[in-house]
Amino acid sequence: MPVMTILLSVIALLIGAIVGWVVASARKTGAIQRAMAERDLARAERERSEAVAIEARRLANAESQARVAAETQASFLGDARKQMEEAFAATAQKTLATISSSFLELNKAHLDGSKGEIVASLDTKKAEIDTMLQPLRDMLDRYAGELTKSEHSRNAAYGGLQEQIRSLLAAQELSQREAARLANALDSPAVRGSWGENSLRRCIELAGMSELCDFDAQQTFLTDEGRRLRPDVVIHLPNKRVIAVDAKVPLTDYSVAANETDESRKRDALTLHARTLRRHIESLSRKEYQASVGESLDFTVMFLPGEHFLSAALVTDPMLFEYAVEKKIYLASPTVLLPLLRAVAAGWKAERTEENAKKMHDAGVELFNRFVKVMDLIAEVGGALARTVEQYNKAIRSIDTRLWPKAQEMQRMAGSGKELEPLSQVDTVPLESSKLRLTMQSEEPAEVLPFRE
47 MPVMTILLSV
57 IALLIGAIVG
67 WVVASARKTG
77 AIQRAMAERD
87 LARAERERSE
97 AVAIEARRLA
107 NAESQARVAA
117 ETQASFLGDA
127 RKQMEEAFAA
137 TAQKTLATIS
147 SSFLELNKAH
157 LDGSKGEIVA
167 SLDTKKAEID
177 TMLQPLRDML
187 DRYAGELTKS
197 EHSRNAAYGG
207 LQEQIRSLLA
217 AQELSQREAA
227 RLANALDSPA
237 VRGSWGENSL
247 RRCIELAGMS
257 ELCDFDAQQT
267 FLTDEGRRLR
277 PDVVIHLPNK
287 RVIAVDAKVP
297 LTDYSVAANE
307 TDESRKRDAL
317 TLHARTLRRH
327 IESLSRKEYQ
337 ASVGESLDFT
347 VMFLPGEHFL
357 SAALVTDPML
367 FEYAVEKKIY
377 LASPTVLLPL
387 LRAVAAGWKA
397 ERTEENAKKM
407 HDAGVELFNR
417 FVKVMDLIAE
427 VGGALARTVE
437 QYNKAIRSID
447 TRLWPKAQEM
457 QRMAGSGKEL
467 EPLSQVDTVP
477 LESSKLRLTM
487 QSEEPAEVLP
497 FRE
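47 is the number of the first residue of the sequence shown in our numbering; add one for each residue after it.
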């Protein structure tokens, strides 16, 4: 019975340690750092408690096996002792009967015999009886020795078990103190708020939004009435729209329900937990982030750092989602918010891909226009070469018709033997290519369709 009590206590301790570990994930300056340290301590305590529970189960099994073995051995020894006693009694009775018969026979046969002979006969019979009883005496001695060893072993095992139980009780007391410290730390609204904000920030980091700088933490806005609004996170969408997110940690009534064993009182605590969520929804609805935050979508996201907070509220208030939607508030746990943030990150990636494609298109248009200008210059060079060849050939024809005959006449009159070499015309002309005549493209960038959700 004490072992079962210890096991139940260890299980209750593990449940408390797990709850403490879950709620101790908050980390921020000041109180959040203490909560993080306490979370790590709770995790270590939980692991140690699990090890202690395993050791307790092992010791309980060992104790049960030792008890069964001791009971079996004791039963065996008792049966053996009983059998030996019965055998001894039967042997003694048989021996006494034999002695009595022998004595009567001696008395009848040697009634007149001497007293010394009778005593000698009795001593002989006594020695025979001792010889017959010696194996039984040795067996009893061996069983007594084994029983003594078994008792010593059982006492040693029980002593070790008691020491382990004392260690378990000490570990349980320490874990209870640490769990109480964690519970006291989470009683602070600042620590709870820091836990919710850090859980929200962790979801943003997992979605890759922090690297893209697509969120503004603790950004302040002014309403038309001059009130300051400060959502925990403002998520920017690719189409210049935003979503306001506020983190809430409804822990008080949920903790009462989690620690309650009576089903009726547990349901009452869950009902209060659902009412607390409704009050948070009403409070966020009155803030109207979607009207005060510029370019905001027409709803606000209320982030809960654990799925259990939402599922526990839906047990007693199944219409909680519908109520929140009517107030333009969407409830989101990490399993809901993380896919939403990943979708936003994918939208930003598509937006950047589209921007890069637009830049590449504009760069291509500019490169083509520059290529056209170069081709025009090459075409002008070709035209100049063609005109040069034409003027050259024209000059050659003029020399052949006008200058060459006079030169030959002067050669004859001078009597010079050197022959004048005639000049040849150039027949090669630059190629005329249609590819050199390209239409200049507009330098205006091409129209690129905007990203569609």
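Heads up, the beta-carbon is just placed ideally off N, CA and C, and yes, glycines get one too. This structure is a prediction, so every number in the text was calculated from the model and none was measured.
Collapsing the DSSP output to three states places Met255 in coil. For Ile424, the enclosing alpha helix (DSSP H) covers residues Pro380 to Ser444. In the displayed model, Asp292 falls within a strand according to three-state DSSP. In the three-state DSSP reduction, Arg321 falls in the helix class (H, G or I).
Secondary structure note for Val302: its alpha helix (DSSP H) is the uninterrupted segment Thr298 to Asn305.
The alpha-carbon of Arg104 is positioned some 15 Å away from that of Arg212. DSSP, read as helix, strand or coil, puts Val472 in coil. Within the same chain, Ile327 and Leu377 come within 6 Å of Ala370 by CB-CB distance, once the 5 residues on both sides are set aside. Relative to Pro351, the option among Arg398, Ala320 and Leu384 whose CA is nearest is Leu384.
It is roughly 41 Å from the alpha-carbon of Lys294 to the alpha-carbon of Ala403. Residues of the same chain with a CB within less than 6 Å of the CB of Ser245, apart from the 5 flanking positions on each side, are Pro351 in chain order.
Comparing alpha carbon positions, the residue from Met255, Ser331, Gln180 and Leu297 closest to His282 is Met255.
Per DSSP, the continuous alpha helix (DSSP H) segment holding Lys452 begins and ends at Trp450 to Ala460. Under the 8 Å Cβ criterion, the segment 316-323 counts as touching the segment 289-304, having at least three qualifying pairs. Exposure of Glu401 is indicated by the presence of fewer than 16 other C-beta atoms within 10 angstroms of its C-beta. Its chain contains Pro296 and Asp299 as the residues whose beta carbon lies nearer than 7 Å to that of Thr322, once the 5 sequence neighbours on both sides are disregarded; these appear in chain order. The three-state secondary structure of Met185, taken from DSSP, is helix. Membership of Leu350 in any alpha helix (DSSP H) is not indicated, and neither H nor E is assigned to it by DSSP. Annotated three-state conformation of Arg276 is coil, per DSSP.
Exposure of Met456 is indicated by the presence of fewer than 16 other C-beta atoms within 10 angstroms of its C-beta. Just so you know, the alpha carbons of Cys249 and Ala358 end up roughly 22 Å apart. Secondary structure of Leu283 (DSSP, three-state): coil.
When the beta-carbon positions are compared, Thr362 and Arg313 come within less than 8 Å of each other. Taking a 10 Å sphere around the C-beta of Asp446, we find fewer than 16 other C-beta atoms and assign the residue as exposed. Secondary structure note for Glu372: its alpha helix (DSSP H) is the uninterrupted segment Leu366 to Glu372. Annotation: Leu413 to Ala425 spans about 18 Å, alpha carbon to alpha carbon. If you draw a straight line from the Cα of Pro364 to the Cα of Arg324, it comes to about 12 Å. Closest option to Pro277, judged by alpha-carbon separation, among Glu309, Glu306, Thr346 and Arg238: Thr346. The residue among Val288, Phe349 and Phe367 with its C-alpha nearest the C-alpha of Thr381 is Phe349.
Cβ-Cβ separation between Leu387 and Ala253: approximately 3 Å, consistent with a contact (criterion under 8 Å).
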